[in-house]
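Residue numbers for the sequence shown follow the UniProt record's numbering, beginning at 1 and rising by one. Idealized CB from N, CA, C, for every residue including glycine. The model shown is predicted, which means the values in this text are computed figures rather than measured ones.
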Amino acid sequence: MSMNLGGSEGRLLAALEQSWRPVALLVACFAAWWAITFAQLVPPYLVPSPGTTLSVMADKWPYLWQHTWVTTYETVIGFAIAVVFGVLAAVVMVYSTTVEKTLYPILLFAQVVPKIAIAPLFVVWLGFGLTPKVVVAVLIAFFPVVISMVTGLKSVDPEMLQLASTMGASPLKTFAKIRFPASLPHLFSGLKVAVTLAVTGAVVGEFVGANEGLGFVILQANGNLDTPMLFAGLLVMSLIGVVLFVLVEIAERLMLPWHASRRGEAVTTTL
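Take a look at the structure:
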């Protein structure tokens, strides 16, 4: 019993040790924000105080929650599609040099093109519903998934692949037992980038044409010069990205405990 208690206390202390720095930075940012508004260095209609922003979030929470759910749904769907097709595309590219040489420049070109510039086309082609927002989220999240997965699949020790071939392992078994597990650390690194970009993609799609979602809330607040609501929408949008990032990192810890333990003191660790 005491050993279990000691282990729990140790994990709690480790979590506190790893999380106090980002918490301290967040507190410092809010303190600086409060100090600037309290000293009236910036007019309130340009930068509202933290108290005003949080008050608006509390008063309008049902309204914000309704639009937050829409943006979260679009983000999760877009992210899931990007993961599935990104992993499949990476596998095909790794196993086929011809496909890699053909597809990689196209992927690079699609990534370089600003999504805000082509988002109106998706609205014209697909309407004002859910689909264009999901498509933009997929396009933004797709590239980091593909690149990280390709890097992971190519990082396998060639001697391991040669040993598996010598022992008569089929290409499918070699992939399932060696290549794919070895690629997971790289893949999760890309997933954590992709899930935050998917939030941006969903909001960008809402900027172009929507009547719901946080992008719609931010545009409406900007048009009405309602900066407290504007800041509230930005805070909630950031919170969505942070929560999804943490969920991906939890999944990484559960699937790769050995890898997570080696990264226990990495600066990106949030738990």
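_Quick check on A266: buried or exposed, where buried means 16 or more other Cβ atoms within 10 Å of its Cβ?_
Translated into the one-based positions of the sequence shown, residue 266 becomes position 266. The pLDDT assigned to A266 is 46, lower than 50, so where the model puts this residue is not dependable; a value taken from the coordinates is nonetheless given after this. So A266 counts as exposed.
*Reference L187; option with closest CA among A221, V242, L247, G152*: Your numbering for residue 187 matches position 187 in the sequence shown. Measuring from the Cα of L187, the nearest candidate turns out to be G152.
*For P43 and A232, the rounded distance between their alpha carbons*: Counting from one through the sequence shown, the residue named residue 232 turns up at place 232. Counting from one through the sequence shown, the residue named residue 43 turns up at place 43. Their backbone Cα atoms lie some 17 angstroms apart in a straight line.
*asked:* Please state whether the Cβ-Cβ distance between S183 and T174 is less than 9 angstroms.
replied: Translated into the one-based positions of the sequence shown, residue 183 becomes position 183. Translated into the one-based positions of the sequence shown, residue 174 becomes position 174. No. Outside cutoff.
*By a C-beta neighbour count over all protein chains shown, 10 Å radius and 16 as the cutoff for buried, is V112 buried or exposed?*
Indexing the sequence shown from 1 puts residue 112 at position 112. Taking every protein chain shown into account, the CB of V112 has fewer than 16 other CB atoms within 10 angstroms, so this residue is exposed.
*Below 7 angstroms CB to CB, which residues in the same chain sit around V208 once its five sequence neighbours on both sides are set aside?*
Mapped onto the sequence shown, residue 208 falls at position 208. Annotation for V208: A119, P120, V123 place their beta carbon closer than 7 angstroms to its own, counting only its chain and skipping 5 residues before and after.
*asked:* Give me the residue from R253, A198, S238 with the minimum Cα distance to I77.
replied: As a position in the sequence shown, residue 77 is number 77, starting the count at 1. That would be A198, whose Cα lies nearest to the Cα of I77.
*Between H67 and I218, what straight-line distance do the alpha-carbon atoms span, to the nearest angstrom?*
Here residue 67 is taken as the residue at index 67 of the sequence shown, counted from 1. Here residue 218 is taken as the residue at index 218 of the sequence shown, counted from 1. Rounded to the nearest angstrom, the two C-alpha atoms are 10 angstroms apart.
*So P144 packs on L256, CB below 8 angstroms; how close in whole Å?*
Position 144 of the sequence shown, counted from the first residue, corresponds to residue 144. Position 256 of the sequence shown, counted from the first residue, corresponds to residue 256. That belief does not hold up - the Cβ atoms of P144 and L256 are roughly 18 angstroms apart, past 8 angstroms.
*With respect to the alpha helix (DSSP H) encompassing G241, which residues constitute its N-terminal and C-terminal limits?*
Here residue 241 refers to the residue found at position 241 of the sequence shown. For G241, the enclosing alpha helix (DSSP H) stretches over residues 227-255.
_Report the start-end ranges of each alpha helix (DSSP H) in the segment 53-99 that is 4 residues or longer and not cut off at the edges._
61-95, all fully within the segment 53-99.
*Out of curiosity, what's the CA-to-CA distance linking L172 and M93?*
Residue mapping note: residue 172 aligns to position 172 of the sequence shown, counting from 1. Residue mapping note: residue 93 aligns to position 93 of the sequence shown, counting from 1. Their backbone Cα atoms lie some 16 angstroms apart in a straight line.
*Under 9 angstroms between the Cβ atoms of T52 and P228?*
Counted from its first residue, the sequence shown places residue 52 at position 52. Counted from its first residue, the sequence shown places residue 228 at position 228. In this structure, T52 places its C-beta atom within 9 angstroms of the C-beta atom of P228.
*Assigned secondary structure, Q162 (DSSP; H/G/I helix, E/B strand, else coil)*: Taking the sequence shown and counting its residues from 1, one reaches residue 162 at position 162. In this structure, Q162 counts as helix in the three-state DSSP scheme.
*Would you identify the three-state DSSP class for V208, choosing helix, strand or coil?*
Taking the sequence shown and counting its residues from 1, one reaches residue 208 at position 208. Helix, per DSSP.
*Starting from Q220, trace the alpha helix (DSSP H) both ways and give me its first and last residue.*
Here residue 220 refers to the residue found at position 220 when the sequence shown is read from its first residue. Here the alpha helix (DSSP H) through Q220 covers 214-223.
*Presumed contact (8 angstroms Cβ cut-off) between L126 and E74, rounded CB distance*: Residue numbering aside, residue 126 sits at position 126 when the sequence shown is read from its first letter. Residue numbering aside, residue 74 sits at position 74 when the sequence shown is read from its first letter. Their Cβ separation, rounded to whole angstroms, is 13 angstroms, which puts L126 and E74 out of contact at 8 angstroms.
_Going by DSSP, what residue range makes up the alpha helix (DSSP H) through M149?_
Walking along the sequence shown from the start, residue 149 turns up at place 149. Annotation: the continuous alpha helix (DSSP H) that includes M149 extends over 130-154.
*Could you name the residues of the same chain whose beta carbon sits closer than 7 angstroms to that of A241, not counting the 5 residues immediately before and after it, in chain order?*
For the purposes of this step, residue 241 is taken as residue 241 along the sequence shown, with counting starting at 1. Note that residue 241 corresponds to Gly in the displayed sequence, not to Ala. If we look at G241 and ignore the five residues flanking it on each side, its Cβ neighbours are T196, V199.
_To the nearest angstrom, how far is the alpha carbon of E212 from that of F128?_
What you label residue 212 is simply residue 212 of the sequence shown in a count that begins at 1. What you label residue 128 is simply residue 128 of the sequence shown in a count that begins at 1. Near 10 angstroms, if we compare the C-alpha coordinates of F128 and E212.
*Keeping to the same chain, check which residues put their C-beta closer than 8 angstroms to that of K177; ignore five residues upstream and five downstream.*
Locating residue 177 in the sequence shown gives position 177, counting from the first residue. Same-chain partners within the cutoff: A164, A169.
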